[in-house]
Amino acid sequence: MGTPTDRVTGFLARLGEASTVRIGGGTEICAGGQLQLQALPSAPAATYVWNTGATTASITVIQPGSYTVTATFPGGATATATHQVRALQPVVQILGDTLLCPGGIVRLTASAPGASSLLWSTGSPLSTLEVTQAGVYELTASYGAGCSVTRRVTIVLPTVTINGPAASCVSPSSPALLMALAPGATAFRWSTGATTDGITATQTGTYQVTATFPAGCTATANYSVLAPVASITGNSLLCPGATTTLSARDASATAYRWNTGATGPELVVSQPGTYSVRVSYSGDCSSEARHTVQLLPGNPPLSLGADTTLCEGQTLTLRLPGPPDQAGTTYRWSDGSTGATLLVQAAGTYSVERRNSCGIQTASRRIEARRCWLIPNVVTPNGDQRNDRFAPQGLVGEWSLVVFNRWGKQVYTADIYHNEWGDVPAGIYYYTLRQPATNQVIRGWVEVMGSSRD
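Here our numbering is used: the first residue of the sequence shown is 2, the next is one more, and so on.
Put into structure tokens, the structure is as follows:
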């Protein structure tokens, strides 16, 4: 173990050694990535100060650059270390043809120097990918610095399209230019025999072009050169007293002439009839169009009838008046319904709205409600099942009944009357009907004749 003197000597020797610090961690960082740096002292340090301002033993950096840490040891000694972090700028490419012939194969090759692994969107980790279908393919290259880069490529089938005028007056003196668009094509052949990417059409008809591509496959497109055709837009139905506008406007037209003598692209008409227009185009051709306008019969008067009164408990059906309306007519009642009738069961104002191309009309009807009853003033309790009992009609709800003879003596009472009184001696009787719910009272007299008690 050595003597105490040896141990002190060794301790003093170690005190004479200089304390150091170094920085551990990676030296490359990807854009958007992060890297951890660690201060590694030769002896336990008391404190750390980084040039970022951090005071911990480790820091996380997200930018390339120079990072410095100063370690302070017990006794006051210090040591400093510097660490360079550079930006990793990986170059990732997908090499290969992007045109896929039907039934063929395209080989894509990944170029990613320094990558630790590759992964295609198909799941393949290989550097080469064989593609048999058109679409978008992605390649992700991963690097040791904890970052990855993704590239994508679109594989397309050979296609060709033809650009040309929608409609044109074509002739040898006024041809139409047709252009074949086929990215990557190396040759063209038209149905006319031309082998350029564009031709001039001197007559109407269908033109075809075949484009040939480097892989040997072809694509075909057709294009129809049409003569311009005039047309008239506008309403075909005219309401009485109204006007409608007919339009033959065409961006390629040079002149208009209507059968009315008008020369503009639009014509305002107020009468039924057949209207025609001849439209002229550049290239010395023209086209004629016709349009027939019919007069609608107009809307008949709209009425729901005169205001009226209903007895409580009765219903009334409101009906739409007149013959069938013109096409497109719609009705809407005040309750939101759209049928041909409306059932009324309560007092109120009811309305209906009619809409069609000839305008909007409304009609309303006020319905009032009252209590309607029929109270007999003769009872004949002779057993013939006709008017044998005192039976008021039209009373709604529960009513009580009190009956008095002609001397004012009460001879009958019922809190809830069920039309059972009447088999009493002949004479004049006075009654009081009362509805407890509303406190409404009806008073009167009734004569009993031909009683079975006489």
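Ideal Cβ placement from N, Cα and C applies to all residues, glycine included.
All of these numbers come straight from a predicted model, not from anything done at the bench.
Buried or exposed: where does Asn-300 fall if 16 or more other Cβ atoms within 10 Å of its Cβ makes it buried? When all chains shown are included, Asn-300 counts as buried.
Could you tell me which of Ala-195, Ser-225 and Phe-391 sits nearest to Glu-421, measuring between CA atoms? Closest in C-alpha terms to Glu-421, from the list Ala-195, Ser-225 and Phe-391, comes Phe-391.
Nearest CA to the CA of Thr-123: which residue from Leu-227, Gln-441, Ala-135 and Ile-429? For the residues Leu-227, Gln-441, Ala-135 and Ile-429, the minimum Cα distance to Thr-123 belongs to Ala-135.
With distances taken between CB atoms, is the gap from Glu-267 to Ser-248 smaller than 8 angstroms? In this structure, Ser-248 lies closer than 8 angstroms to Glu-267 by Cβ.
What does DSSP give as the partner residues of Met-450 in its beta bridges? Its beta-bridge partners do not exist; DSSP assigns none.
Near Asp-259, which residues of its chain fall below 6 angstroms by C-beta distance, leaving aside the five closest residues on each side in sequence? First, the residue type needs correcting, since residue 259 is Trp and not Asp in the sequence shown. Excluding residues within five positions, the ones whose Cβ falls inside 6 angstroms are Leu-268 and Val-278.
Can you tell me where the beta strand (DSSP E) holding Tyr-144 begins and where it ends? No beta strand (DSSP E) holds Tyr-144; DSSP gives it neither H nor E.
Apply the 10 Å Cβ neighbour rule to Glu-29 and answer buried if 16 or more other Cβ atoms are within range, or exposed otherwise. Burial call: buried.
Closest by CA to Val-442, which one among Ser-401, Ile-417 and Asp-424? Taking only the C-alpha atoms, the option nearest Val-442 is Ser-401.
Start and end of the beta strand (DSSP E) containing Ile-95? In the DSSP assignment, Ile-95 falls within the beta strand (DSSP E) that extends over 94 to 96.
What's the call for Ala-328, buried or exposed, on a 16-neighbour Cβ count within 10 Å? Burial is judged here by how many other beta carbons sit within 10 angstroms of a residue's own beta carbon; Ala-328 has fewer than 16 and is exposed.
Report the start-end ranges of each alpha helix (DSSP H) in the segment 327 to 403 that is 4 residues or longer and not cut off at the edges. With a minimum length of 4 residues, no continuous alpha helix (DSSP H) run stays inside the segment 327 to 403.
Can you tell me whether DSSP reads Tyr-257 as helix, strand or coil? Strand.
Would a C-beta distance cut-off of 8 angstroms place Pro-229 and Cys-286 closer than the cut-off? The Cβ atoms of Pro-229 and Cys-286 lie closer than 8 angstroms to each other.
Closest to Leu-41 by C-alpha separation, out of Thr-53, Ala-32, Thr-73 and Met-180, would be which residue? Minimum Cα distance to Leu-41 is reached at Thr-73.
Using three-state DSSP, classify Ala-19 as helix, strand or coil. Ala-19: coil per DSSP, three-state reduction.
Relative to the alpha-carbon of Gln-295, which residue among Gly-451, Thr-245, Leu-375 and Gly-105 has its alpha-carbon at the smallest distance? Of the candidates Gly-451, Thr-245, Leu-375 and Gly-105, the one whose C-alpha sits nearest the C-alpha of Gln-295 is Thr-245.
Give me the residue from Thr-330, Trp-374, Val-353 and Arg-372 with the minimum Cα distance to Ser-1. Residue 1 lies beyond the residue range present for the chain, which begins at 2 and ends at 455; the question has no answer from this structure.
So is Ala-186 buried or exposed if we call it buried at 16+ other beta carbons inside 10 Å? Residue burial is scored here from C-beta neighbours: Ala-186 has at least 16 other C-beta atoms within 10 angstroms and is therefore classed as buried.
Spatial neighbours of Gly-398 within its chain, please: C-beta separation below 7 angstroms, excluding the five flanking residues on both sides. Excluding five sequence positions before and after Gly-398, the CB atoms of its chain that fall closer than 7 angstroms to its own CB belong to Gln-436 and Ala-438, given in chain order.
Would you report the Cα separation of Gly-409 and Thr-342, rounded to the nearest angstrom? C-alpha separation (whole angstroms): 53 angstroms.
Does Leu-375 pass the burial test, meaning 16 or more other C-beta atoms within 10 Å, or should it be called exposed? It counts as exposed.
Is it true that the CB of Val-107 sits closer than 8 angstroms to the CB of Val-137? No. Outside cutoff.
Assign Val-380 to buried or exposed, taking buried as 16 or more other Cβ atoms, counted over all protein chains shown, within 10 Å of its Cβ. With 16 or more other Cβ atoms within 10 Å, it is buried.
The beta strand (DSSP E) enclosing Ile-200, as first and last residue numbers: Taken as a continuous stretch (DSSP letters only), the beta strand (DSSP E) holding Ile-200 covers 199 to 202.
Please tell me whether Cys-218 and Cys-31 are closer than 8 angstroms, where the distance is taken between their beta carbons. Inclusion of Cys-218 and Cys-31 in the CB contact set at 8 angstroms is not warranted, their separation being larger than that value.
Taking contact to mean 3 or more Cβ pairs, one atom from each stretch, closer than 8 angstroms, check whether the segment 109 to 122 and the segment 63 to 82 are in contact. Here the segment 109 to 122 makes no contact with the segment 63 to 82; the two share fewer than three CB pairs at distances below 8 angstroms.
Using only alpha-carbon positions, find the residue among Leu-297, Ser-118, Ser-128 and Ala-78 that is nearest to Ile-95. The residue with the shortest Cα to Cα distance from Ile-95 is Ser-128.
Pick from His-419, Val-280, Gly-77 and Asn-383 that is closest to Thr-21, judged by C-alpha positions: Minimum Cα distance to Thr-21 is reached at Gly-77.
Compute the minimum distance between the beta carbon of Thr-203 and the heavy atoms of the ligand COA, and state whether it is under 7 angstroms. The model depicted lacks the ligand COA and carries no ligand whatsoever.
Which residues does DSSP pair with His-84 in a beta bridge? DSSP output for His-84 lists Tyr-68 as bridge partner(s).
Need the endpoints of the beta strand (DSSP E) that Gly-1 sits in, please. Since the displayed the chain opens at 2 and closes at 455, residue 1 lies outside it and no answer follows.
Within 10 angstroms of the Cβ of Pro-159, are there 16 or more other Cβ atoms? Answer buried if so, exposed if not. The residue in question, Pro-159, is buried, as its Cβ has 16 or more Cβ neighbours within 10 Å.
List the DSSP bridge partners of Pro-42. Paired residue(s): Val-22.
With a CB to CB cut of under 8 angstroms and the five nearest residues on each side skipped, what residues in its chain are close to Ala-19? Closer than 8 angstroms at the Cβ level, and outside the excluded window around Ala-19, lie Ala-78 and Ala-80.
Given Gln-362, which residues of its chain have a CB within under 7 angstroms of its CB, disregarding the five upstream and five downstream residues? Same-chain partners within the cutoff: Asn-300, Leu-303 and Arg-355.
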